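Let me begin by presenting the structure, written as structure tokens, before commenting on it.
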Amino acid sequence: MATEHQAPKRVAIRDGLLTEPLDDLAKVRLQGSRCRHCNEVTLGRNAICPNCGGIDMDPVALADHGELWTYTVVRHKPPGDYRGPEPFKPFGLGLVELPDGLRVVSPIEGDVDSLKVGTPLRLKISVHHTGAAGEDVVAFAFAPRL
Amino acid sequence: MSDVVILGAGIHPFGRFDKTYEEIGSYAAAAALADAGVAWRDIQAAYLSRMYLPATSGARILRRLGSTDIPIVDVEAACASGGVALRQAVLAIRSGEADLVLVLGTEKMPRGFMDPRMIYSPWQVEMGMSLNPSYWSMRARRHMYEFGTTDLHIAKVAHKNHRNSVHNPNSMYQKEFSLEEIINSPLVCDPIRRLEICAPNDGAAAVVVASRERAAKIGGHPITIAACCHSIARFSADFRCPADSMSATANNPGPTEVTAKQAFERAGLGPKDIDCFEVQDTDAFCEIEIYEELGLCGLGEAGRLIDEGRTEIGGDMPVNMSGGLISKGEPVGASHLGQVVEIISQLRGQSGKRQVADAKVGLAHVLGAGGNCAVTILKN
Ligand SMILES: [Zn+2]
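Protein sequence lines, in the order shown, are assigned to chains A and B.
Just so we're aligned, residue 1 is where the first sequence starts under my numbering, counting upward by one.
Just so we're aligned, residue 1 is where the second sequence starts under my numbering, counting upward by one.
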């Protein structure tokens, strides 16, 4: 008799940041909200538009690709409860411009010394770390489009 | 509307001290009162700006000068806290509620990077988006891409400010670094380097503020507050921590531009009328960006301004004569009032080797988390 293997529960690193469900990570996108009043698209599931205060918001799945608008390299381990790889490895952090009309702060995968403004990028959704209750915490990054 | 003036100023040096915040704060407050020739018992209201201190810090600090029953209010607006406290004093005097007010900024901060929980959401901390310099660096990188600003431009700002600080006994470092040392100092977040950023530390600064009428009775050498304005960034107008995204379509003016415009209008002055500036140089690039936003030059031209030495003490628009936050350190709640103390010293001609010749009008600017910005214009 085979024992049933229960996959760990998956949760988004922040509620409302990723589209659901999370079973097939290849299908997950960044969640956005479009304001029916001013048309501004903002990151996450938002009930109120931070631009105009409108309350008629449509959820939208943001594009899974964009361009590097600007970047930095984080050379020191960030303070507090940073859950990245141990031991710490310097990583790229950038603003990724999406065709939806917004730029998102995101870790940028790949060689930190070959980052360049304008590089085409693709969204990568993956399990980032294990949460306090053993759940898989899912987060995002962007990586150069090959 | 009654004219509001500064009667006296005091400062406790910025640095790291084995002293309580009560000691540091009361030292600056007592110095400002002595400079103004005003007794603590005559003060009718007091405002304390601070970010990292516990509740009712203002009362705890000022109790040391004697327990009076005046209202003492703590205010906080990140790096702009001091401007907000000064503005509250101006408003109290203009309303007629008071005509003699003490404004004090005091801070005592832990070493190293600030506790990210103060401003970031837990998920940003977990993903490593919680280093303030990474946001400054991303703005710097974009400016370099768009306008050809270079590592050398950024290093030159740090070089200037560190060199100015040698003559400022209230600065933490007071040490000149060569351009080579700066440009070879370790990267914190590319392209910003160790010797190009400010450190959180301890310090306090205070001013005694009065109505023109009250000041006339007290005497001395009052400095006029020509403007004291505070604003917070409009939607997506300021990419700064703890932003997780920004609009690619909104085109709102940044908080420095908005606040400075308001201050210039109130004062009836323009950037060309200002003889000396103290501005937010949390990192050296920040100062470059602010040249443009204050209108010292056009968009993308700040690199040339620093190349031509125009913001040196001997230039036609001196910036950060005190050494700026890069060399003084940034005790957040005290930083703006520290700038105000420097401008007052300049307008009184008391700045010694860092004195700007014939300074009559000065501007102080701070900008921080959430796009909080304050601009104060002082004149003789
Ligand atoms: Zn809207």
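Ideal Cβ placement from N, Cα and C applies to all residues, glycine included.
It should be emphasised that the depicted structure is a prediction, and the values quoted were computed from it without experimental measurement.
Residue i vs residue j beta-carbon contact at 7 Å
i: B:V208; j: B:G8; result: yes
i: B:G309; j: B:M172; result: no
i: B:R354; j: B:I306; result: no
i: B:A334; j: B:E176; result: no
i: B:I70; j: B:A59; result: no
i: B:N161; j: B:P13; result: no
i: A:L95; j: A:P107; result: no
i: B:N164; j: B:G323; result: yes
i: B:I183; j: B:H159; result: no
i: A:E97; j: B:A284; result: no
i: B:A205; j: B:G338; result: yes
i: A:G44; j: A:L17; result: yes
i: B:G128; j: A:V74; result: yes
Nearest candidate by alpha-carbon position, reference residue i, set the options
i: B:A80; options: B:C373, B:K379 and B:L378; result: B:C373
i: A:H76; options: B:S134, B:M246 and B:P253; result: B:S134
i: A:A141; options: A:P8, A:I125 and A:E135; result: A:I125
i: B:P110; options: A:G92, A:D64, A:G110 and A:P79; result: A:P79
i: A:N39; options: A:D100, A:G84 and A:E109; result: A:D100
i: B:A78; options: B:I197, B:W40, B:I232 and B:L187; result: B:I232
i: B:A28; options: B:G10, B:Q44 and B:K19; result: B:G10
i: B:C189; options: B:S178, B:A216, B:A140 and B:H221; result: B:A140
i: B:C229; options: B:H336, B:A45, B:L65 and B:C198; result: B:H336
i: B:K156; options: B:N168, B:R304 and B:T20; result: B:R304
i: A:N46; options: A:A63, A:R14 and A:D24; result: A:R14
i: A:D23; options: A:L30, A:G16 and A:P8; result: A:P8
i: B:E97; options: B:P116, B:A55 and B:A46; result: B:A46
i: B:M317; options: B:A357, B:D42, B:G329 and B:M138; result: B:A357
Own chain residues within Cβ distance below 6 Å of residue i, not counting five before or after
i: A:T130; result: none
i: B:R266; result: A227
i: B:I377; result: A226, A227, A263, A267 and L363
i: B:T224; result: V5 and K379
i: B:E292; result: L299 and A302
i: B:T259; result: C229, S231, C373 and V375
i: B:Q174; result: S165 and V166
i: A:R83; result: H129
i: B:D3; result: R212
Min CB distance residue i to chain B below 7 Å
i: A:I55; result: no
i: A:L43; result: yes
i: A:G66; result: no
i: A:G80; result: yes
i: A:A139; result: yes
i: A:R10; result: no
i: A:M1; result: Bear in mind that a pLDDT of 47 at A:M1, under 50, signals an unreliable position, so the number given afterwards is only what the model happens to contain. Answer no: the Cβ-Cβ gap between A:M1 and chain B never drops below 7 Å.
Proximal residues of chain A, C-beta to C-beta of residue i below 8 Å
i: B:M246; result: L95, L102 and R103
i: B:Y145; result: T70 and V117
i: B:S121; result: R14
i: B:A243; result: V105
CB contact below 7 Å: residue i versus chain A
i: B:P385; result: Coverage of chain B is limited to positions 1 through 380, which leaves residue 385 of chain B absent and any answer about it impossible.
i: B:L299; result: no
i: B:T106; result: no
i: B:M1; result: Low confidence applies here, because B:M1 scores a pLDDT of 47, under 50, leaving its location unreliable and the question unanswered by this model.
i: B:C189; result: yes
i: B:P200; result: no
i: B:E196; result: no
i: B:D18; result: no
i: B:L131; result: yes
Cβ-based neighbour list, residue i, same chain, cut-off 7 Å, excluding 5 preceding and 5 following
i: B:M1; result: With a pLDDT of only 47 at B:M1, under the threshold of 50, the placement of this residue in the model should not be trusted; the figure read from the coordinates follows. Here the set comprises R94.
i: B:F17; result: I24 and D202
i: B:N252; result: R234, F235, S236 and A237
i: B:V319; result: F277, V279, E287 and T311
i: B:L187; result: R193
i: A:M1; result: Bear in mind that a pLDDT of 47 at A:M1, under 50, signals an unreliable position, so the model cannot answer this.
i: B:R214; result: D99 and L100
Where residue i meets chain B, residues with beta-carbon distance less than 8 Å
i: A:I48; result: Per Cβ cutoff of 8 Å: no residues; A:I48 is ~12 Å from chain B at best.
i: A:R75; result: P186, L187, V188, C189 and D190
Chain-ordered neighbours of residue i on chain B, where CB pairs are closer than 7 Å
i: A:R83; result: E126
i: A:T72; result: S134, S137, M138, R141, C189 and D190
Partners in chain B for residue i, counting only beta-carbon separations shorter than 9 Å
i: A:R34; result: Neighbours of A:R34 on chain B: none; closest Cβ ~12 Å, over 9 Å.
i: A:F91; result: G128
i: A:H37; result: Per Cβ cutoff of 9 Å: no residues; A:H37 is ~13 Å from chain B at best.
i: A:E40; result: F235, S236, S247, T249 and A250
Cβ neighbours of residue i in the same chain (closer than 8 Å, five flanking residues each side left out)
i: A:C49; result: S33, C35, H37, C38, E40, T42, I55 and M57
i: B:G349; result: Q355 and A359
Cutoff 7 Å: residue i Cβ touching any chain D Cβ
i: A:I108; result: Here the protein chains are A and B, and chain D is not one of them.
Neighbouring residues, chain A, relative to residue i (Cβ below 9 Å)
i: B:D115; result: P79 and G80
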